[in-house]
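The block underneath contains the structure these notes are about, expressed in C-alpha cells.
Residue numbers (the working numbering): 13 to 184.
Next up, the structure:
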C-alpha cells in the first residue's frame, strides 16, 4: 500500500510512504514537502505532486526526481509504464488541462485535452483516459485516447462515483 503524507517536514512524516504485509509498518520512501494528495503507481515508480512539480521515485525508495517544473496546480495523476498523465489547473479556474509526459522522452509534456469544468476524476484503461466534469443536471464522462486525439462523451447524467475497467465505465 502506498500513500502520501502532507505533514510538515519538521515532523519527519512528509513524503511518500508504503506499508507491506505481514506487519503493515509504514516506511517513508521519499521525503518531500509539501506533497499533494495525488499519487499514481506503475510497475516501477510512484508519481506525485510536490508543490507545482511532477515528481517520481522508485518503488523501493530513493531520491525523488522532478519530471516537470513550473506547472500550475497538479491534480488527478494516473500512470502506466509508458507515460504519466495528470490534470493541470490554476486553482480550479477553468479550463483545466489534461497532459501526458512520455517516460521515454521526458523533455516536453503534451496537451491531450482542455477540460472546461472540472475534472473530478481521472481514470485509465490500456488505451483510454476517462475524466468527469460538471454538466447539467449532473456530470459528464469523457474519454480521450492516451496517445492524443479528440475527447468524446461517454455518458451524461446524475451520478456520484465512477470506475472503469477494460469492459466499460461503471457509475454509481
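A virtual CB, placed ideally from N, CA and C, is assigned to each residue, including glycine.
Once you ignore the five residues that flank residue i on each side, which residues in its own chain have a CB closer than 6 Å to its CB?
i	result
residue 77	68
residue 15	29
residue 36	none
So, under 8 Å CB-CB, residue i and residue j are touching, yes? Tell me the CB distance rounded to an integer number of Å.
i	j	result
residue 52	residue 90	5 Å
residue 86	residue 64	7 Å
residue 70	residue 43	Between residue 43 and residue 70 the Cβ distance is about 14 Å, and since that is not below 8 Å, they are no contact.
residue 128	residue 106	5 Å
residue 97	residue 110	7 Å
For residue i, which residues in the same chain have their Cβ closer than 7 Å to its Cβ, ignoring the five residues on either side in sequence?
i	result
residue 147	168
residue 205	Because the chain is modelled from 13 through 184, residue 205 falls outside the range shown and cannot be assessed.
residue 54	91, 92, 93
residue 185	The question about residue 185 has no answer here: the residues shown for the chain are numbered 13 through 184.
residue 131	88, 99, 108, 143, 144, 145
residue 81	65
residue 172	184
Helix, strand or coil for residue i, going by three-state DSSP, please let me know.
i	result
residue 18	coil
residue 117	coil
residue 132	coil
residue 64	coil
residue 192	Since the first and last residues shown for the chain are 13 and 184, residue 192 lies out of range.
residue 167	strand
residue 31	coil
residue 180	strand
residue 37	coil
residue 44	coil
residue 25	coil
residue 155	strand
Shortest alpha-carbon distance to residue i belongs to which of the options?
i	options	result
residue 178	130, 96, 135	135
residue 162	57, 140, 183	140
residue 13	26, 34, 119	34
residue 114	95, 137, 102	95
residue 133	184, 175, 84	175
residue 102	181, 84, 182	84
For residue i, collect the residues of the same chain with a Cβ closer than 8 Å to its Cβ; drop the 5 residues on either side in sequence, then sort them by chain order.
i	result
residue 160	112, 122, 124
residue 196	The displayed coordinates of the chain run from 13 to 184. Any statement about residue 196 would go beyond what the structure contains.
residue 75	42, 69
residue 186	It is not possible to answer for residue 186, since the shown part of the chain is limited to 13 through 184.
Mind pulling the alpha helix (DSSP H) runs of 4 or more residues that sit fully within the segment 75-113?
none
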